[in-house]
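Notes to accompany the following structure.
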Amino acid sequence: MNILICGLGSIGKRHLKLLRNAGVENIIALRSLRNDNKTDPDAIADLEINDLNELGGQKIDGAVISNPTSLHIETATELARKGIPLLIEKPLGKDLSGADELLRIVKEKKLPVLMGYNLLHHPGITGMKKLMEDGKIGKVISAKAQFGTYMPGWHKDEDYKKSYAANASMGGGVVLTSIHEQNYLTDMFGEITDVIAMEAGGNVTEIDAEEAVEILMRHSSGVVSNIHLNFFQKPYYRNCQIIGTEGTLLWDFMIPEIKVLYKDKTEVISLGDDPMELLGISYKKQTEHFLDIIKNNTAPRAGLDRGIKDMETALKILKDIGRN
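Each residue of the sequence shown is one higher than the one before, counting from 199 in the working numbering.
Structure, rendered in structure tokens:
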């Protein structure tokens, strides 16, 4: 199998290692600069190219779009025209410019497209969804998801202010970069019928994009969910609380368990020993799912339509806070 990776930054290298571990025989990397770092053999492609024309007539079975957010739709469209199945890292783009054309081509060619929402495969998220479906907390009324991270500490050898996540023009800002919460809440509770948002923060990180936001959403199921996102929190924090008529579910990314809280007791469901191992599982399952899509034409867990709908909501949020 021949897999193309477009963009070999930190997430691109992660995809390369995952594909290598999954047994992909030939991995090609499309990137702007050749790789001079030979210290990590698992992160080195079998072939590196600067332009798709360098592929010649080589067959590509699937492609991962992991270049800067602002280039996602353009790159995906070029590859879709060639009839190549796609895994597009979240978010779909910095806006929806070109998305209609991409969708037209994908439908015309009946191409599978998987959006890179790895948290949909995380044992914490899948576990909470299963507990809800099994009626463990009765009828769900509301939910709250939080995500906080200290952006200046992401890559200590790089100027974080120059990263794509710090620049709105490149598709950065906390709303798009941290679209996971919006996505998995929609997956749990249905499409978003109403959304309002308020920007928070006080220019703590001094980035050229929103650094914090509070979001309130109503879903088609009637559930109301709240999201808090920020780029200045210490320590790293990601959790979800789901409130039902009979109890409450609580999941914390850094604690490998789900708590089921009742009036007079608490059940603790262990998910493993290491939160980073669970994160690795989410990426591993996503990779396996993508390869299964290519080999067996399996329906994508989150397709292009999902990516577009999530972007529509994200753009409404950005408009609400005066950033779009």
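For glycine and all other residues, C-beta sits at the position ideal for the given N, C-alpha and C.
A Cβ-Cβ separation of about 7 Å places ARG218 in contact with ILE225 under the 8 Å criterion. Around the beta carbon of THR443, fewer than 16 other beta carbons sit within 10 angstroms, so the residue counts as exposed.
For the stretch 410-451, the full-length beta strand (DSSP E) segments reaching 3 residues or more read 410-417, 422-428, 430-442, 446-450 along the chain.
Cβ atoms of ILE519 and GLU408 come within 8 Å of each other, at about 6 Å.
For LEU427, the closest alpha carbon among the candidates ILE282, SER361, VAL262, ILE515 is that of ILE515. Taking 4 residues as the shortest admissible run, the stretch 230-279 contains the following complete alpha helix (DSSP H) segments, listed from N- to C-terminal end: 270-279. MET386: not part of any beta strand (DSSP E); member of the alpha helix (DSSP H) spanning 378-387, first to last residue. Of the candidates GLY470, ALA366, THR464, GLY336, the residue whose Cα lies closest to the Cα of MET452 is GLY470. PRO310 sits in coil when the DSSP states are folded into three classes, being neither helix nor strand. According to the DSSP secondary-structure assignment, GLN344 is paired through a beta bridge with HIS426, ASN437. In its chain, beyond the 5 residues on either side, ALA343, GLU379, ILE413 have a beta carbon closer than 6 Å to the beta carbon of ILE425. Judged by DSSP in its simplified three-state form, ASN200 adopts strand. As the crow flies, the alpha-carbon of VAL338 is around 23 Å from that of TYR315. Note that the C-beta distance between GLY369 and ILE467 is not below 8 Å.
Within the same chain, and ignoring the five residues on either side of GLY501 in sequence, the residues whose Cβ sits closer than 8 Å to its Cβ are PRO310, VAL311, LEU312, MET313. Assigned with DSSP and collapsed to three states, THR391 falls in strand.
Shown here, ASN224 sits in a strand according to DSSP, grouped into three states. ILE394 counts as exposed, since fewer than 16 other beta carbons sit within 10 angstroms of its beta carbon. When C-alpha distances from LYS307 are compared across GLY281, LEU290, ASP332, the shortest belongs to GLY281.
With contacts defined by Cβ atoms closer than 8 Å, LYS457 and LEU448 form a contacting pair.
Shown here, GLU397 sits in a strand according to DSSP, grouped into three states. If you ignore the 5 residues before and after LEU294, its C-beta comes within less than 6 Å of the C-beta of MET509, all in its own chain and listed in chain order.
Here ASP406 is bridged, per DSSP, to ASN365. Taken through DSSP and simplified to helix, strand or coil, THR464 comes out as strand. Excluding residues up to 5 positions away in sequence, THR267, SER268, GLY369 lie with their Cβ nearer than 6 Å to the Cβ of LYS292 in the same chain.
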